[in-house]
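Residue numbering for the sequence shown follows full-length UniProt numbering, starting at 1 and increasing by one per position.
Worksheet for the structure shown next.
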Amino acid sequence: MTVQNQPKFTFLPTTVRGVQNIVLFAIEHNYRLRCAGYRHSWSSIFSQDNEIFISLVNLETVTTLPDPMSIRPGEYDPTKVPELKTIDLKEETVPGKKCLCRVGAAVTNEEFRRWSVASKAWAFPADVILVEVTIGGVNGPICHGAGIAHKTLSDYVRRIEYIDCNGKFQIVDDSKQIKAAAGAFGLLGVVTHITFELDAMTYAVMQPLKEDVGFGVPPLSKSDIPVALRSDWYDAPDAAERIAYATAAFEKRASNDYYSEWFWFTYQRKVWTNTFNTTPDPTGAINYPDDANIFLQWIQGWLGGVITGVPFFNAIPGYWQAQLIASLGMAALPPTLGESNTPTYKTLLPNALHFRRGVQNMRVRDLELQIPLPPRKDDPTKPDFSIVQRAWWDVIKLVYADAETGSDPSSAMRLTLEMRVMGGSDMLMAPQKGNDLGTLSIEVLTLPDAVSDDEWQVFAQKVVDLWMSYGGNVRPHWAKEWEQFSFKGIEARKYMKEVAYKDQIPEFRDALMRIGERDGWTVEELRRRFSNELWDKIVFE
């Protein structure tokens, strides 16, 4: 656990009127109020001790592990859902290509996926992999998708409906104000519904690969590959040509593909490459992953959660923990029958975006930074992807450097290195804002046991130092781990306020003030009602 608190009251509203009543109760008794969706957050963005906590997911669901959401049969039924779980199609903004859709903040990604797949009409252009999260929870901290043509999910928001600090229902749909309202961390008020601009449904042509670690994301220098990961080709006469060919293929994927993501599981000799493009043609489309595969994924996530919580597993040296979990993780990803196979799966875009189910059933620690892609020296209009290769291989080298010191040949990174290439953002407080040539979203994940071994903090700080050394305005993912680290030698909160978001925070506060002038509240009233200790320091002081 990275954050713990005990609220005075926990409320579970299902209607807009219910939310209003909770805010009015908070006003009457002078409580602060914060909302939460469903897990997958590590920073202090939640409620505080002895204040009001609103959960948009029922308590049985959030306290049940493993969560059966992704394997439970049935379709999204609009006639049986409460008000905060409604999905309503609105008008088309570009006939046949773009359409507005009003989504309740409590709708989960799994519910939206089922709704989208059933109609085969409209879909989010980008999203997070997880299905066991709420739409409001994904949108609030300005989360991302993948693919250099795509911005954050919040960038596709066209209207925010919220209950303000006076308990009144309000709407923000001004094109300038939405840049603050669509990614406001719950500081604007309690968001009840979000209107997104969806894309016409397409089909993803997935061709996932398990490639040699030196070819999936090629190193800038062959010598960057640790000895333990070097394959037969390393000493071959054509090694340089093979790396050059792999580099061209990697850059083509990163710069052209609709979706682009790479995984490396600790100590593995192969990288999992998952990039794809889309087509409007449904010919040959299948349901992927199918029910059997989803159940297998769910079982694997559950077993991972069970195994890592067993004292016997935690007593195993970290090296073997990593080997066991990494081998299971890599084996679970396609192609699962014959690692050299190159299967093609054509499936509806939402299924491809959510290719992995049951992820929430295994608890992890997670550090993620957003690194701006710099311009190429020979063509400043194009991004230089060498920074992506450098960030990737700096971590792999660090893993092996750690493993070669001490009596336990292990690294604190016992799960995976994962990265996506994506676009920038127009949201005022997005970590991708200003990254006009694109963003590298890169993260390292470990097992909770690595923290009790007191290794994670030291390792993750080294990772931060490496990724911060490349220049540019590197920023952490708001909802992941960042508060316990220093950035360029500066304490995290001070860095966020005085360096990373030096210009954006005043702009964000000003946008909130202008919304308040229209809706009848002040920024100070927002702070008193919807902030917490973290946001007091970063946004309001």
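Glycine included, every Cβ here is placed at the ideal spot set by N, Cα and C.
Where does residue i land, buried or exposed, given buried means 16+ other C-beta within 10 angstroms?
i, result
"S221", "exposed"
"F312", "exposed"
"R17", "exposed"
"P289", "buried"
"G520", "exposed"
"A450", "buried"
"L187", "buried"
"G216", "buried"
"T15", "exposed"
"E481", "buried"
"D257", "buried"
"I286", "exposed"
"K270", "buried"
"D155", "buried"
"R475", "buried"
"N29", "Residue 29 is actually His in this sequence, not Asn. By the 10 Å Cβ count, H29 comes out exposed."
Check the C-beta distance from residue i over to residue j and give it rounded, since I have them as a contact under 8 angstroms.
i, j, result
"K210", "W272", "6 angstroms"
"residue 584", "D426", "Because the chain spans 1 through 541 in this model, residue 584 falls outside it and cannot be assessed."
"I371", "I442", "6 angstroms"
"E75", "T108", "Rounded, the Cβ-Cβ distance is 14 angstroms, inconsistent with contact."
"G424", "K433", "7 angstroms"
"G96", "A204", "The pair is not a contact, with the Cβ atoms about 19 angstroms apart (cut-off 8 angstroms)."
"M362", "T308", "7 angstroms"
"Q297", "R356", "6 angstroms"
"P448", "R518", "The Cβ separation is near 45 angstroms, so there is no contact."
"P350", "S43", "Rounded, the Cβ-Cβ distance is 28 angstroms, inconsistent with contact."
"A180", "L428", "5 angstroms"
"L153", "F185", "That belief does not hold up - the Cβ atoms of L153 and F185 are roughly 14 angstroms apart, past 8 angstroms."
Can you check DSSP and say which residues form a bridge with residue i?
i, result
"L153", "Looking at the DSSP assignment, L153 forms no beta bridge with any residue, so it has no partner."
"M422", "G147 and T439"
"Q370", "S441 and R475"
"C165", "Looking at the DSSP assignment, C165 forms no beta bridge with any residue, so it has no partner."
"W272", "K210 and F263"
"K346", "V205"
"K98", "V94 and D199"
"A36", "S55"
"E491", "S486"
"D88", "R102"
"Q170", "Y162"
"T279", "Y203"
Among the residues of its own chain, which have a CB less than 7 angstroms from the CB of residue i, if the five just before and after it don't count?
i, result
"N5", "F46, S47, Q48 and D49"
"M496", "I538"
"D394", "L466"
"A105", "L56, L84, T134, I135, G136, V191, T192, H193 and I194"
"A292", "none"
"F485", "A460, Q461, V464 and A492"
"A249", "none"
Do you know whose CA, among the options, lies nearest residue i's CA?
i, options, result
"L100", "K80, N139 and W122", "W122"
"E91", "E197, T63, W535 and V464", "E197"
"D127", "F112, S119 and A118", "F112"
"D232", "M513, D212 and A249", "D212"
"G136", "K85, L24, K494 and F295", "K85"
"V157", "G145, I178 and G147", "I178"
"T63", "A180, P73, S43 and Y38", "Y38"
"K168", "V499, Q20 and N30", "Q20"
"R529", "T192, I163 and F295", "I163"
"R420", "Y400, P73, T446 and I387", "I387"
"S119", "L89, S410, R230 and T278", "L89"
"Y259", "T93, R356, N274 and E161", "N274"
"D173", "I515, L534 and E533", "I515"
"Q389", "A326, V310 and W264", "W264"
"Y319", "L24, I87, E455 and D67", "E455"
"residue 557", "L153, P218, K252 and Q300", "Absent from the model: residue 557. The displayed extent of the chain is 1 to 541, so no value can be given."
"A239", "A228, P219 and S255", "P219"
"Q360", "Q170, T61, G183 and K377", "T61"
"K502", "G471, L130, N166 and P431", "P431"
Short of 6 angstroms in beta carbon distance, which residues of its chain neighbour residue i, apart from the five on each side in sequence? Order them along the chain.
i, result
"I54", "F11 and C35"
"M206", "F276, Y345 and A352"
"G214", "I225"
"P383", "L373, L437 and G438"
"residue 604", "Beyond the ends of the chain as shown, which are 1 and 541, falls residue 604; an answer cannot be given."
"N314", "D449"
Is any heavy atom of the ligand HEM found at a distance shorter than 8 angstroms from the C-beta of residue i?
i, result
"I135", "Absence of the ligand HEM from the depicted structure is noted, as is the absence of any ligand whatsoever, leaving it without description."
Cutting at 8 angstroms between CB atoms, please list the residues of its own chain near residue i, excluding the five before and the five after it.
i, result
"I22", "F11, P13, L33, I52, I54 and V190"
"V458", "A412"
"D536", "R527"
"S531", "R32, L187, V539 and F540"
"A149", "Y258 and G423"
Tell me, please, whether the CB atom of residue i is closer than 9 angstroms to any CB atom in chain C?
i, result
"L440", "Protein chain content of the structure displayed is limited to a single chain, and chain C is not contained in it."
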